[in-house]
Amino acid sequence: MSERARTGRRGGSGTLSAPGTLNREDEGATARQGLLPDEPLPELAARYGLQPSAARPSPLAYLKQLWQRRHFVFAFATARNVAMYSEARLGQVWQILTPLLNAAVYFLIFGVILNTRRGVPNFIPFLVTGVFIFNFTQRSFIIAARVINDSLPLIRALHFPRACLPLGYVLIELQQMAISMVVLIVIVLGFGEPLTWYWLLVLPALALQTFFNVGVALILARIGAGVDDVSQLIPFIVRTWMYASGVMFFIPALATLYLHAKVSYLLQINPVAVYISLVRNALLTSLRHTVGTYQPYNRGLCEAQLAAVKAHPTANLAAIDHCHLVVGGSSLWMYGVGWALAALVIGYFVFWRAEVTYGRG
Amino acid sequence: MAAAEPLAKTMAEPMVVVDDLHVVYRVFGSKSDKGTAATALWRILRRQRRPSVREVHAIRGVSFVANRGDAVGVIGRNGSGKSTLLRAIAGLLPPEQGVVYATGHASLLGVNAALLDDLTGERNVVVCGLAMGMTPREVKDKYQGIVDFSGVGDFINLPMRAYSTGMGSRLRFAIASARSHEVLLIDEALVTGDAEFRVRSRQRIEELRAQAGTVFIVAHSMAQIEETCNRVIWLEKGQIVRAGDDVPGIIDAYLAATGGEPLVREGPKNPLTP
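First to last, the sequence lines map onto chains A and B.
Just so we're aligned, residue 1 is where the first sequence starts under the numbering used here, counting upward by one.
Just so we're aligned, residue 1001 is where the second sequence starts under the numbering used here, counting upward by one.
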């Protein structure tokens, strides 16, 4: 084993072999000085039940450690949340102001300037829901990629399961999301959507989204810990994702996708689009009703309609109404659960595998 | 040997066993890299590795055993690998070769560990206490003790970045030592404290040792090492020059070798003991 390590270490400058020979003489020297017993050290360590200090716990033991530090995760999240606004004069008020301003910007551009509806019955609540839900995932990801490098002093000073840090950061975003939800509910009600029992579905939808965020945040935290370049890239990737997730439009109604059912399908089942749709369907009665009246996708009818439209071009979307592909209802929930589970399991193992390497210079 | 073994078992219980430890770390950024976007692009175009990655072989084959109740002083010049050794024992640096065995987790207390700089001392106490694995109840119970011990007073309600270096390291020491660690590693943490705090922290270290732990201390103050430690390891260029129980002897040899002022010892015991 030591032979393998020796050859493995070569290839660098070659200075490593020299100390290896020196070291043997040295061992003899220290042994004479009384800090070394006669018996081989690994056996001595084994006899007293000592463990290698840089060892990684088993996945299950790691989970237990995490559970044991749950109070730390909450305290860390709260403390960070307070610190985040400690420099601002308005302090915690920004927690409400940020989502409000966000909504105001989109209302100004899409509601007032462009005045677009894009095939959606009640566009502003539709848009704001998308923006808020997307923001939750976006902020979780951007912050997760930096979490290890931002917390180096803490990591280097104290021993705790490192997964606490990305968990804590997603928790901060969840707290922020809860405040945004209050703002969102006011906006949705203000734009004439009725309060229904369907609204309760927001809770499981957000829970699934949180699990998904945690999973991906764990992956990003590991990548970001190794390669700092990733945290530079993530904002761009996330922005592309935003346009692909139907934050500002209704994917099934996207005219350019009428001809590409598969693309439309893929866009609709992408995780963020799934969670956005779940929350929209829960909150927006108008949208739920519209989706219900869309014709189901029918390949034969669609092709016939497309041929007809090609022969006599028309601006009437209803002429190709069988080409809508709406992923809805139970299959949406299925995808939501699937994405959350997959992200959580993969993320957990990805992060756990590198546990002992975080925070090393 | 066979007869001595049961005796050794009752007398000394190893807490940390370091077996032929080598630590190599990679440093990014060196003088050859001008660090501009143009040079970086040029490097990528020519498919070169980052030239700035340098390997530093900081620990070159160190072996020793530290027992329950030991306070081990680690001495040596700047860059001799003292802090690296502590970080390796704490499991924060991967060994390139060799193994560090320890009971439980070793906790490293460094003077540069900033903890959560933008948070108040109060929140640092709570968050770090929980991070060390205390229950919320334990933290509540020990909170006042930690604050009193650190002696930061009203500053506890201010963000830690407003602290002086001394106050910061005092609070850090207070937090880290609030819990009995099986292995506590102290890296220059006590240098910045004033005389009064040094006496108190020495008492605390004695307590930790009495609570059946092992303490490692890195310090440049030989007087402090001699006051606190019953064992010394003298490192030079990542290797052990001398190690053993003869603390004054090794310190004198170290001071003679490095051209330091000889340590003045007043009386039989150390001068700071009340």
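Note that beta-carbon positions come from the ideal geometry of N, C-alpha and C, so glycine has one too.
Just so it is clear, the structure is predicted and the values come from calculations on it, not from any experiment.
On the three-state DSSP scale, how would you describe L60/A? helix
Just mark M181/A as buried or exposed, buried being the case when its beta carbon has 16 or more other beta carbons within 10 Å. buried
Tell me the rounded alpha-carbon separation between A354/A and A1253/B. 43 Å
Determine, using beta carbons only, whether G215/A and A304/A come nearer to each other than 9 Å. no
Once DSSP output is grouped into helix, strand and coil, what is the label at N1230/B? coil
Let me see if you follow: with CB-CB separation under 9 Å, is A1106/B close to chain A or not? yes
Where does R1161/B fall in DSSP's three states? helix
Pick out the complete alpha helix (DSSP H) segments inside the stretch 91-118 of chain A, 4 residues or longer, and give them in chain order. 94-106
Determine, for P52/A, whether the minimum Cβ-Cβ distance to residues of chain B falls below 9 Å. yes
Which residues of the stretch 1067-1086 of chain B have a Cβ closer than 8 Å to any Cβ of chain A? Give them in chain order. none
Thinking just about the alpha-carbon of each residue, which of A217/A, V337/A and L184/A is nearest to the one in C164/A? A217/A
Uninterrupted beta strand (DSSP E) stretches inside the stretch 1138-1219 of chain B (no shorter than 3 residues): 1183-1187 and 1214-1218
Where V1062/B sits in the DSSP three-state scheme: strand
Check whether the stretch 1194-1204 of chain B touches the stretch 1114-1125 of chain B, taking contact to mean three or more Cβ pairs, one atom from each stretch, closer than 8 Å. no
Go through its chain and collect everything with a Cβ distance to Q92/A's Cβ below 7 Å, but skip five positions before and after it. Y85
Amino acids of chain A, ordered along the chain, whose beta-carbon sits closer than 7 Å to that of E1013/B: Y48
Identity of the residues DSSP links to I1240/B by a beta bridge: L1235/B
With 16 other Cβ atoms within 10 Å as the buried cut-off, status of F236/A: exposed
CB contact flag (G1091/B, V356/A, <9 Å): yes
Cβ pair count under 8 Å reaching 3, the stretch 107-116 of chain A against the stretch 225-244 of chain A: no
As a quick exercise: from A307/A, A342/A, Y348/A and A282/A, pick the residue whose alpha carbon is nearest that of F126/A. A282/A
Can you tell me whether M1160/B is buried or exposed? The criterion is at least 16 other CB atoms within 10 Å of its CB, across all chains shown. buried
Could you please give the first and the last residue of the uninterrupted beta strand (DSSP E) stretch that includes I1075/B? A1071 to I1075
Look up S414/A in the DSSP assignment and say whether it is helix, strand or coil. The question about residue 414/A has no answer, for chain A in this structure spans 1 to 361.
Neighbour list for A1256/B in chain A, Cβ cutoff strictly below 7 Å: Here the premise fails: no neighbours, minimum Cβ distance about 17 Å.
Bridge-paired residues (DSSP) for A1102/B: Q51/A and V1016/B
Since D150/A is in the alpha helix (DSSP H), which residue starts that stretch and which ends it? F123 to D150
S277/A (DSSP reduced to helix, strand or coil): helix
Any chain A beta carbon closer than 9 Å to I1089/B: yes
Could you pull the start and end residues of the alpha helix (DSSP H) that E173/A belongs to? C164 to G190
Helix or strand or just coil, what does DSSP make of S1107/B? strand
Can you tell which of R1204/B, A1210/B and A1223/B has its C-alpha closest to the C-alpha of V1074/B? A1223/B
Within its chain, find whatever has a CB closer than 8 Å to the CB of L189/A; leave out the 5 residues flanking it on each side and keep chain order. L195
Please state whether the Cβ-Cβ distance between Y348/A and I155/A is less than 9 Å. no
Please classify A145/A as buried or exposed, where buried requires at least 16 neighbouring CB atoms within 10 angstroms. buried
Taking its Cβ as the centre, do 16 or more other Cβ atoms sit within 10 Å of W67/A, making it buried, or is it exposed? exposed
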